[in-house]
Amino acid sequence: MKRIRQTVKTENPILQASQRSKKQKTFFYGSSFGKSHLQTLMDWGTLPLHVVLHIFQFLPLVDRARASSVCRRWNEVFHIPDLWRKFEFELNQPATSYLKSTHPDLIQQIIKRHADDLQYVSFKVDSSTESAEAACDILSQLVNCSIKTLGLISTAKPSFMNVSKAHFASALTVVFVNSKSLSSIRIDDTPVDDPSLKVLVANNSDTLKLLKMSSCPHVSPAGILCVADQCHGLRELALNYYILSDELLLALSSEKHVNLEHLRIDVVSENPGQIEFHTIKKQSWDALVKHSPKVNIVMYFFLYEEEFDAFFREETPVTHLYFGRAVSKAMLGRIGMNCPRLIELVVCANGLQPLDDELICIAERCKNLTAMGLGECEVTCRGFIEFVKMCGGRLTQLSIMEERPIETNS
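Sequential numbering from 221 applies to the sequence shown in my numbering.
See below:
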């Protein structure tokens, strides 16, 4: 058997030609170019710096760090400021998270060598207090930075709330004072307070465009009003309902203020009856819409049924409504009557009474409605079909639990 294979191998003209070609190519490169020229052609270190920089911009940090050890020129590219404009610090504890953390040595290298290059910075922390405190320690050292966007993100429960208010405020103040061109700040679920916001306004009032600070219990209506009064370029704002006021809406509607584009309001209650919700005047809403006619007003509700009494008694220019808990028929009826700008409505549940009349009212009066989501909501097949007939032509999204429609005899 071996002899047959050897015969085929030696007599096959295609294989022989292939072998001769390989030998010729090997001889050609070896004789014509020489070893030294081959090495020159394969010297990656001779690539132009702008080419290496472009490649590095698409590499993850770990791969970029490995590539920087190839040669001195690549190491120089590794430290070019453009590669350090955007950085995300990941801080996790092995006991509470399976995610990897940014290496401590790299953090120190960034602080010592690239702090003044950072412009777009975010911190992702797990549920541990240690990770949140470590993030504050890093913030406290960014004394030579000129950050434009800052985001503090808790990937699980809001661990920044476990940091002492003094420690957090001190760390945040360092960034607010040293960064004179902050345009975007996301500090949801943090112990930020009124004095910290005053420092922010004093140093960044001309540049601030976005402020997201939902679930910040140490901020008062006066604190957020100070921001609206001074930061006339603010276009996006997210906050809790308890610090929303008529004065705030009027400040956002002043002639000096640019058009507001996005206003998110979280209406949250942990225990029924614990919070008494106030009512915003129709005149204040009207002033905001007159000043910013294209503004999206988004409201997230996490209330119990008995806590909705203060809402939608008068016309309200909300555009997106999300209900995370059960909503009564009466509440949905008021939405149909008083929310003409409504674009999207998502209802988690409503109880045991069919919503046919309320849905038909919404279809009739909410002419801008394009998206609807119904969870554990009771609606008859006839009522649902009627709703779809009335606004199906403009709906782009429609979601309903399969088992919810109630069959009717006719």
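Here a beta-carbon is modelled for each residue, glycine too, at the ideal position from N, C-alpha and C. What you are looking at is a predicted structure, and each value in this text was computed from that prediction instead of being measured.
Here T316 is actually not in contact with S342; their C-beta atoms are around 19 angstroms apart, not less than 8 angstroms. Excluding the 5 residues flanking it on each side, I555 has same chain C-beta neighbours closer than 6 angstroms at F532, in chain order. Counting other Cβ atoms within 10 Å of its Cβ, T322 reaches 16 or more and is therefore classed as buried.
Setting aside the 5 residues that flank it on each side, R406 is surrounded in the same chain by G371, K432, each with a C-beta closer than 6 angstroms to its C-beta; the list follows chain order.
Between A458 and S434 a beta carbon distance of about 5 angstroms is seen, short of the 8 angstroms cut, so the two are scored as contacting. Cβ atoms of V363 and V394 come within 8 angstroms of each other, at about 6 angstroms. Uninterrupted beta strand (DSSP E) stretches at least 3 residues long and entirely within the stretch 546–591 occur at 564–569, given in chain order.
For the pair E584 and E526, the Cα-to-Cα distance works out to about 27 angstroms. Distance between V518 and P537, taken at the CA atoms: about 10 angstroms.
Straight-line measurement puts the Cα of E296 at about 48 angstroms from the Cα of K514. When rounded, the separation of the alpha-carbon atoms in K609 and V487 is 32 angstroms. By the Cβ criterion, the stretch 417–432 is not in contact with the stretch 373–388, since fewer than three pairs of Cβ atoms, one from each stretch, lie closer than 8 angstroms. Contact between the stretch 264–275 and the stretch 325–343 is not established, with fewer than three Cβ pairs separated by less than 8 angstroms. Short of 6 angstroms from the beta carbon of A354, and not among the five residues preceding or following it, lie these beta carbons of its own chain, in chain order: L311.
Counting along the chain, no beta strand (DSSP E) covers H274; the unbroken alpha helix (DSSP H) around it starts and ends at 269–276.
For Q503, the enclosing alpha helix (DSSP H) begins and ends at 502–511.
The shortest C-alpha to C-alpha distance from T266 to any of P415, D413, R293 is the one to R293. Taking the Cα of G612 as reference, the smallest distance to any Cα among A591, I620, V397 is reached at A591. Along the stretch 412–500, the alpha helix (DSSP H) occurs as fully enclosed runs of 4 or more residues at 414–424, 441–450, 466–472, listed in sequence order.
In the three-state reduction of the DSSP assignment, K332 falls in the helix class. Counting C-beta atoms within 10 angstroms of its own C-beta, L319 has fewer than 16 neighbours from the protein chains shown and is therefore classed as exposed. Taking C-alpha positions only, K400 is separated from D357 by approximately 21 angstroms. The stretch 595–610 and the stretch 561–577 touch, with no fewer than 3 CB-CB distances between them shorter than 8 angstroms. Beta-bridge annotation (DSSP): N516 is paired with H482. Judged by their CB atoms, D426 and G443 are not nearer to each other than the 9 angstroms cut-off. As DSSP reads the structure, S404 sits in a beta bridge with T369, L430. A direct Cα-to-Cα measurement between I367 and K510 gives close to 34 angstroms.
Judged by DSSP in its simplified three-state form, F396 adopts helix. According to the DSSP secondary-structure assignment, V345 is paired through a beta bridge with L311, S374. One alpha carbon belongs to I500, the other to D413, and they sit about 24 angstroms apart. For L279, there is no enclosing alpha helix (DSSP H), as DSSP gives it neither H nor E.
Distance from the CA atom of D449 to the CA atom of Y542, rounded to whole angstroms, is 29 angstroms. When the five nearest sequence neighbours on each side are left out, the beta carbons in the same chain lying within less than 6 angstroms of the beta carbon of G593 are those of V566, S619, in order along the chain.
Residue pairing by DSSP places F543 opposite F521, V567 in a beta bridge. By the 16-neighbour rule on beta-carbons within 10 angstroms, S289 is exposed.
For L594, the beta-bridge partners assigned by DSSP are V567, I620.
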